[in-house]
Amino acid sequence: MTLTQRFNPFRALASLILSALAAVGINAPVAAEPLTFSGGPDGSTFQSFSEGIASRLSSSMEGVDVSSLSSAGSVENLRRVDARDADFGIVYAGDIYLGMQGKLDNDPRRYRNVRAVAYLYGAPAHLIVRDGSGITDVAQLAGKKVAVGAVGSGAAASARRFFEGVGLWDKIEPQYIGNNQGAAALGESRIDALWVFAGFPNESVNQAANSNRIRLLQLNEAAEKGTLFHDHPYYATVIIPAGTYPGVDYDVVTIQDSALWVAGPHMDKDRVYQLTGSIYSPEGLAYLHQVHDAARAMTMASGLNGVVNKVHEGAARFWTENGLTLTQSQK
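Mind the numbering: the sequence shown is residues -22 to -1, 1 to 309 in mature numbering (1 follows the signal peptide of the UniProt record, and there is no 0), read in order.
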């Protein structure tokens, strides 16, 4: 033990002051519990949600002080929460599922110390073709050029999972270009279809719609007929409403990965119950709706959408009290 550890004059002075205050009946304020919430890069949707949730919890809950941390995104948040370097974070359901099994890219470690708290919003798949191309069904893309995203991107990985799941990956000609390049290539008829995996409305899809009349293909039916939902159970069904994009005057039933609020199992169950209730109160949801449009996906009914891992005990109590039933994988 060092000399500093044996005797800290400032700590000793503080202790004497607190003892003196207590002797005359004055109780010092209880320090708020410091908690950390791992988000994403500056300006990202992840970081907007992280900052919004941290701010709401710190202002609405007595005894907690939640700080938002920037990060590289989903996988880093998974690692931080698993290692207790963060108390909360935002992680895609797919990364949790693969991480639990040691199947993340170039990372065989199994991340099992992460619990779901709630669904926040989805990243839906858009599969866009030109309206006059004659392509109205996913199966018609056999032999066609499809822009799937840059090499190594999450979009390209999701495209491969989808097309493998519907038996088309070895039949299409994947073009590894980003969304903006893909929108331009579609407009110039250099490709036949464009895959975009992102929240809606999406700028690249709007770009494509503003240069040509477009059609968004229905993906959920093809996914249900194939093996996607069996092989990748973290994907969920979602509807892109009619009118979201110019000229697309019909609902598009598609698939999505889900951005989840997660917590470490070290977090007290009563505390997590209280924090979940604060965010999902009418006031909490109204606040987050102002933070980011994607938060409008947060409802009591959608609270466990896309969750394929264990739900934190405190959150599980909140959701069951509000009418949701946990699946076997969520228990």
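All C-beta atoms, glycine included, are put in the ideal place defined by N, C-alpha and C.
Quantities reported herein were computed from a predicted structural model and do not represent experimental measurements.
Item                                                                                                                                                                      : Value
Please specify which runs of the beta strand (DSSP E), each continuous and at least 3 residues long, are wholly inside the segment 60 to 136, giving them in chain order. : 66 to 70, 93 to 108 and 123 to 125
What's the gap between the Cα of Leu238 and the Cα of Glu151?                                                                                                             : 33 Å
Per DSSP, what kind of secondary structure is Leu195 in: helix, strand or coil?                                                                                           : coil
Throw me the rounded Cβ distance for the Ser22 and Leu47 pair, which I believe falls under 8 Å.                                                                           : Incorrect: roughly 13 Å between the Cβ atoms, too far for contact.
Could you tell me the alpha carbon to alpha carbon distance between Ala200 and Gly41, rounded to whole angstroms?                                                         : 49 Å
How many Å lie between Ser182 and Arg139 at the Cα?                                                                                                                       : 21 Å
If you follow the beta strand (DSSP E) that Ser46 is part of, which residue opens it and which one closes it?                                                             : Val42 to Leu47
In whole angstroms, what separates the C-alpha of Pro12 from that of Leu35?                                                                                               : 11 Å
Can you tell which of Leu197, Asn188, Ser307 and Asp65 has its C-alpha closest to the C-alpha of Pro102?                                                                  : Leu197
Could you pull out every residue in the same chain whose Cβ sits closer than 6 Å to the Cβ of Pro224, ignoring the five residues on either side in sequence?              : Ala187
For Ala163, which residues of its own chain have a beta-carbon under 7 Å away from its beta-carbon, when the five flanking residues on both sides are left out?           : Ala125, Ile155 and Ile169
Grouping DSSP H, G and I as helix and E and B as strand, with all else coil, what is Val231?                                                                              : strand
For His290, does the count of other Cβ atoms within 10 angstroms reach 16, so buried, or fall short, so exposed?                                                          : buried
Can you find the residues in the same chain that come closer than 7 Å, C-beta to C-beta, to Thr205, ignoring five residues on each side of it along the sequence?         : Gly143
With a cut-off of 8 Å on the beta carbons, I'd call Ala176 and Ile106 a contact; round off their distance for me.                                                         : In fact, because the Cβ distance is near 12 Å, the residues do not count as touching under 8 Å.
Pick out the complete beta strand (DSSP E) segments inside the segment 128 to 186, 3 residues or longer, and give them in chain order.                                    : 151 to 153 and 171 to 175
With three or more beta-carbon pairs closer than 8 Å as the criterion, would you say the segment 80 to 94 touches the segment 209 to 216?                                 : no
Could you pull out every residue in the same chain whose Cβ sits closer than 6 Å to the Cβ of Ala231, ignoring the five residues on either side in sequence?              : Strictly speaking, residue 231 in this sequence is Val, with Ala absent from that position. Within the same chain, Val231 has close Cβ partners Gln196, Asn198 and Ile217.
Quick one, are the C-beta atoms of Gly30 and Tyr265 less than 9 Å apart?                                                                                                  : yes
Between the C-alpha atoms of Gly110 and Gln153, what's the straight-line distance to the nearest angstrom?                                                                : 21 Å
Cα separation between Leu253 and Thr14?                                                                                                                                   : 13 Å
According to DSSP, is Thr303 helix, strand or coil?                                                                                                                       : coil
Can you give the Cα-Cα distance for residue 310 and Ser189, rounded to whole angstroms?                                                                                   : The structure shown does not extend to residue 310, since the chain is modelled only from -22 through 309, so no value can be given for it.
Does the separation of the CB atoms of Arg57 and Asn287 fall below 9 Å?                                                                                                   : no
Given this structure, state the Cα-to-Cα distance separating Ser26 from Gly281, to the nearest angstrom.                                                                  : 19 Å
On the three-state DSSP scale, how would you describe Ala6?                                                                                                               : Annotation note: pLDDT 48 at Ala6 (below 50); position unreliable, no value reported.
Which two residues bound the contiguous alpha helix (DSSP H) that contains Ala282?                                                                                        : The question names Ala, yet the displayed sequence has Leu at residue 282. Counting along the chain, Leu282 falls outside any alpha helix (DSSP H), and DSSP gives it neither H nor E.
Please report the straight-line C-alpha distance between Phe141 and Ser167, rounded to a whole angstrom.                                                                  : 21 Å
Going by DSSP, which residues form a beta bridge with Pro12?                                                                                                              : Asp43
On the three-state DSSP scale, how would you describe Thr215?                                                                                                             : strand
Given that a residue counts as buried once 16 or more other Cβ atoms are within 10 Å of its Cβ, and exposed if not, what is Ala279?                                       : exposed
Nearest by alpha-carbon distance to Gln118: which of Leu146, Ser131, His104 and Ala96 is it?                                                                              : Leu146
Take Phe178 as the anchor and find which of Gly160, Ala272, Ala135 and Ala96 has the nearest alpha-carbon.                                                                : Ala272
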